[in-house]
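2 protein chains.
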Amino acid sequence: MNYGLPLLKALVEHFKKLPGIGEKTARRLAFSILDMDGAEVREFAETLLQVKKSIGFCTRCGNLAEGELCEICKDERRNGTILCVVERPADLYVLDASGQYRGRYHVLHGVLSPLDGVGPKDLNLERLERRVREEGIQEVIIATNPSIEGDTTSLYIARILKKLGVKVTRPARGLPLGSSLEYVDRGTITRALENREPI
Amino acid sequence: MNYGLPLLKALVEHFKKLPGIGEKTARRLAFSILDMDGAEVREFAETLLQVKKSIGFCTRCGNLAEGELCEICKDERRNGTILCVVERPADLYVLDASGQYRGRYHVLHGVLSPLDGVGPKDLNLERLERRVREEGIQEVIIATNPSIEGDTTSLYIARILKKLGVKVTRPARGLPLGSSLEYVDRGTITRALENREPI
Numbered sequence: 001m002n003y004g005l006p007l008l009k010a011l012v013e014h015f016k017k018l019p020g021i022g023e024k025t026a027r028r029l030a031f032s033i034l035d036m037d038g039a040e041v042r043e044f045a046e047t048l049l050q051v052k053k054s055i056g057f058c059t060r061c062g063n064l065a066e067g068e069l070c071e072i073c074k075d076e077r078r079n080g081t082i083l084c085v086v087e088r089p090a091d092l093y094v095l096d097a098s099g100q101y102r103g104r105y106h107v108l109h110g111v112l113s114p115l116d117g118v119g120p121k122d123l124n125l126e127r128l129e130r131r132v133r134e135e136g137i138q139e140v141i142i143a144t145n146p147s148i149e150g151d152t153t154s155l156y157i158a159r160i161l162k163k164l165g166v167k168v169t170r171p172a173r174g175l176p177l178g179s180s181l182e183y184v185d186r187g188t189i190t191r192a193l194e195n196r197e198p199i
Numbered sequence: 001m002n003y004g005l006p007l008l009k010a011l012v013e014h015f016k017k018l019p020g021i022g023e024k025t026a027r028r029l030a031f032s033i034l035d036m037d038g039a040e041v042r043e044f045a046e047t048l049l050q051v052k053k054s055i056g057f058c059t060r061c062g063n064l065a066e067g068e069l070c071e072i073c074k075d076e077r078r079n080g081t082i083l084c085v086v087e088r089p090a091d092l093y094v095l096d097a098s099g100q101y102r103g104r105y106h107v108l109h110g111v112l113s114p115l116d117g118v119g120p121k122d123l124n125l126e127r128l129e130r131r132v133r134e135e136g137i138q139e140v141i142i143a144t145n146p147s148i149e150g151d152t153t154s155l156y157i158a159r160i161l162k163k164l165g166v167k168v169t170r171p172a173r174g175l176p177l178g179s180s181l182e183y184v185d186r187g188t189i190t191r192a193l194e195n196r197e198p199i
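This is the structure in structure tokens:
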């Protein structure tokens, strides 16, 4: 679609680069910017720049951080003897929001994926081994995604860590709460039946 | 969700102000900005600012324009005797992309909506009347949305314009192409049967 407005077209293209945003949504978002208050758009643009400039990775765990260490690594009330390994910072926030876990984290920044050329050296693994050795860690929960790549990565890490004498676990697999059996996939059903629990 | 990162939280809030973007999508978009190349984010922010600064409304038809007149009003090959009235610039682009219409446009910037306090004075109507009188317009197609407000607005405008002796039409109503009868609403079915065409 040619708007005769190169700037608007450029904005649509920028929105299209965001995940899950197609042509139509990008167009709607671009038009909504035109309807917005000027001050609000300036603040939006400013925040984009600031976020990119000021947020980096925690030098200890790989989580997002505005300084050297992230808020979780700085928090002395956290249990320092347990680590939860995740693929990405976004996973960490979802797990942490549950309130169930009060230990620390370690972010891999990816999963093993030979087809995409991602090997162990490309993940934040060396630092994980060092932390387990040096921080007196007693348990590592490997919370990679329950996908083929996630499971492969999980097994790979478990093998390394077990040699260091640490307990290695992962979150339970089974029926998601609030789901309807009719719509749950066969793999999940199989796993849920295998791991059935006493009532 | 508290990220311990006020900037990231602010960015999520900005994304949430965009139409159709909820908390989860806003979070995914904000995280994707962190994964993006720095130069790309700067360009995105710059484009946001430029769009808001440089794009205004055509002084003749109300369409988006980077200068005094929009590209369509400046285009001398357009048929100057026919006008198509739309609610918003976004509607204009969708109609124009069909390639079916090569006349000019007039953008109302809204619809009559007494409940929201939008009356005739709030729409770009005075200029429409003046254009019909002064530009030798022979036909006005009123292409407001086929909603209650759109139809009310359409009838209101038609009444005014007919007094000026101009032909007033609107796009046909009926079954959308590629639709499935099973999923078409009753109002559309009724209209499609009333207005049935010979094969």
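Just so you know, the protein sequences line up as chains L and X, in that order. Note that my numbering numbers the first sequence so that position 177 is 177, with each residue one more than the last. Note that my numbering numbers the second sequence so that position 32 is 32, with each residue one more than the last. Glycine included, every Cβ here is placed at the ideal spot set by N, Cα and C. In this text the structure is predicted, and so the values were computed from the model without any measurement.
So, is the C-beta of residue i closer than 7 Å to a C-beta in chain X?
i                      : result
residue 176 of chain L : no
residue 100 of chain L : no
residue 104 of chain L : no
residue 57 of chain L  : no
residue 179 of chain L : no
residue 203 of chain L : Since the first residue of chain L shown is 1 and the last is 199, residue 203 of chain L is not available in this structure.
residue 52 of chain L  : yes
residue 14 of chain L  : yes
residue 108 of chain L : no
residue 48 of chain L  : yes
residue 87 of chain L  : no
Within 7 Å (strictly less), CB to CB, does residue i reach chain L?
i                      : result
residue 113 of chain X : no
residue 147 of chain X : no
residue 138 of chain X : no
residue 157 of chain X : no
residue 123 of chain X : no
residue 28 of chain X  : yes
residue 161 of chain X : no
residue 144 of chain X : no
residue 23 of chain X  : no
residue 39 of chain X  : no
residue 192 of chain X : no
residue 4 of chain X   : yes
residue 66 of chain X  : yes
residue 19 of chain X  : yes
For the alpha helix (DSSP H) holding residue i, just list the boundary residues, first then last.
i                      : result
residue 41 of chain L  : 38-54
residue 126 of chain X : 126-134
residue 12 of chain L  : 6-16
residue 156 of chain X : 148-162
residue 20 of chain L  : That residue, residue 20 of chain L, is in no alpha helix (DSSP H); it is neither H nor E in DSSP.
residue 220 of chain L : With chain L running from 1 to 199 in the structure shown, residue 220 of chain L is simply not present.
Beta strand (DSSP E) containing residue i: first to last residue?
i                      : result
residue 167 of chain X : 167-169
residue 76 of chain L  : Careful: residue 76 of chain L lies outside any beta strand (DSSP E) and carries neither H nor E.
residue 102 of chain X : That residue, residue 102 of chain X, is in no beta strand (DSSP E); it is neither H nor E in DSSP.
residue 141 of chain X : 139-142
Counting C-beta neighbours from all protein chains within 10 Å, is the total for residue i 16 or more, i.e. buried, or is it exposed?
i                      : result
residue 96 of chain L  : buried
residue 52 of chain X  : buried
residue 63 of chain X  : buried
residue 150 of chain L : buried
residue 104 of chain L : buried
residue 90 of chain L  : buried
residue 39 of chain L  : exposed
residue 172 of chain X : exposed
residue 180 of chain L : exposed
residue 196 of chain X : exposed
residue 76 of chain X  : exposed
residue 190 of chain X : exposed
residue 155 of chain L : exposed
In whole angstroms, give me the CA-to-CA distance for residue i and residue j.
i                      : j                      : result
residue 94 of chain L  : residue 169 of chain L : 18 Å
residue 78 of chain L  : residue 92 of chain L  : 14 Å
residue 125 of chain X : residue 72 of chain L  : 58 Å
residue 9 of chain X   : residue 61 of chain L  : 20 Å
residue 142 of chain L : residue 98 of chain L  : 16 Å
residue 74 of chain L  : residue 146 of chain X : 57 Å
residue 22 of chain L  : residue 16 of chain L  : 6 Å
residue 101 of chain X : residue 138 of chain X : 15 Å
residue 33 of chain L  : residue 44 of chain L  : 10 Å
residue 48 of chain X  : residue 153 of chain X : 32 Å
residue 160 of chain L : residue 82 of chain L  : 17 Å
residue 132 of chain L : residue 68 of chain L  : 20 Å
residue 252 of chain L : residue 55 of chain X  : No statement about residue 252 of chain L is possible, as the shown extent of chain L runs from 1 to 199 and does not include it.
residue 119 of chain L : residue 88 of chain L  : 16 Å
residue 114 of chain X : residue 177 of chain L : 45 Å
residue 29 of chain L  : residue 123 of chain L : 35 Å
residue 140 of chain L : residue 58 of chain L  : 19 Å
residue 65 of chain L  : residue 130 of chain L : 20 Å
residue 86 of chain X  : residue 112 of chain X : 13 Å
For residue i, write down the residues that DSSP places opposite it in a beta bridge.
i                      : result
residue 65 of chain L  : L:56
residue 175 of chain L : Residue 175 of chain L pairs with nothing; no bridge assigned.
residue 106 of chain X : X:85
For a test of your reading of the model: does the CB of residue i fall under 6 Å from any non-hydrogen atom of the ligand NAD? Yes or no.
i                     : result
residue 92 of chain X : The ligand content of the structure shown is nil, which means the ligand NAD is not present either.
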